[in-house]
Amino acid sequence: MTTCPFDLTNLHPSWHACIQKGLASMDPAYLNVLTQSTDWLPGSDKLFNAFSLPREKVQYILIGESPYPRRESANGYAFWDAAVKELWSPTGLSKKVNRATSLRNILKMLLVAEGELSSNNQSQEAIAALDKKQFVQTNDAFFTNLIQHGFLLLNASLVLQESAPAKDAKAWQPFIHEVLNCLFEKNPTVTLILLGRIANTIDELVNHMEIERLYAEHPYNLSFITNPNVLQFFQPLHLLHHHK
């Protein structure tokens, strides 16, 4: 594939060759369907947003499953719900965060890792009692923090079509394989963070590579909040604090 049918505006130049190689490994008929339709998420203008982070700056890859099934939420980054704005409220976490189960549990896990909450009490009342001025205040600021810390927020399936989610997941596997190969050639010290069922899929794609991996349950599960391996990994990163 010599030209790309998708919008590469937000793609950092360091990724161009990797993305072209990844797309060339995919089924042309599948890609043609996407180029002829707008009935998929997150849309051509957001498809490669995760690759705005320069390749040499990537330290961690946080793998999600697929885009959010709502246009206002899907923005091309794994786990980042663009419809959520404020993180906090006078009563603890904001209403939108409380409805976003994975984000809610990620924030609670980080508060436990910081020593702000105990492992046996992450209630709204406990969060309301914290001085939250020391933390980032919005969802945008939080995920920008992750990116500035070197997190590539990559969905295993970059596209979600309501009619064919399983087909999408399979169609993007060759692309993910090529992109991960490309990345690990540049930086073999990158850590893969594999949460939930997606670990099985990604492991099959990179089983020949000697790379660091963190396995844990999906943040949808309450046990994620107090998983000791997760807490140990995230504690030194201070991801809720303003990045300097």
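For the sequence shown, counting from 1, position 40 maps to 40 in my numbering; every step adds exactly one.
Where is the CB? At the ideal position from N, CA and C, for every residue including glycine.
Computed from a prediction, not measured in an experiment: that's the story for all the values here.
Tell me Ala171's beta-bridge partners as DSSP assigns them. Bridge partners of Ala171: none, in fact.
Measure the C-alpha to C-alpha separation of Pro42 and Leu23 and round it to an integer number of angstroms. 17 Å
What's the call for Asp131, buried or exposed, on a 16-neighbour Cβ count within 10 Å? exposed
Which of the three DSSP states, helix, strand or coil, is assigned to Ala199? Collapsing the DSSP output to three states places Ala199 in a helix.
Of the listed residues His16, Glu65, Trp15, Asn145, nearest to Tyr220 (C-alpha basis): Glu65
Between the beta-carbon of Phe151 and the beta-carbon of Leu62, is there less than 8 Å? yes
So Leu240 packs on Phe135, CB below 8 Å; how close in whole Å? 4 Å
Could you name each continuous alpha helix (DSSP H) segment of 4 residues or more that falls completely within the region 118-181, going from the start of the chain to the end? 124-128, 139-148, 165-171
So, helix, strand or coil for Thr191, using DSSP? strand
Within its chain, find whatever has a CB closer than 8 Å to the CB of Pro69; leave out the 5 residues flanking it on each side and keep chain order. Leu41, Leu160, Glu162
Cβ distance (whole Å) where Phe51 is taken to contact Trp15 below 8 Å: 4 Å
If I follow the unbroken beta strand (DSSP E) through Arg213, where does it start and stop? Judged by DSSP secondary structure, Arg213 falls within the beta strand (DSSP E) whose first and last residues are 212-216.
For Leu183, count neighbouring Cβ atoms within 10 angstroms of its own Cβ and tell me buried if that reaches 16, exposed if not. Residue environment analysis places Leu183 among the buried positions, since at least 16 neighbouring C-beta atoms fall within 10 angstroms of its C-beta.
From the DSSP output, in three-state form, read off Trp80 for me. coil
Proximity to Pro236 [Cα-Cα], best of Ser157, Gly115, Lys186, Ala156: Gly115
Which stretch, first to last residue, makes up the alpha helix (DSSP H) that contains Ser30? The question names Ser, but residue 30 in the sequence shown is Tyr. 28-35 is the span of the alpha helix (DSSP H), which, as asked, contains Tyr30.
In this structure, how does DSSP classify Trp40 when only helix, strand and coil are distinguished? Reduced to three states, the DSSP call for Trp40 is coil.
How many angstroms separate the CA atom of Ile127 from the CA atom of Ile193? 26 Å
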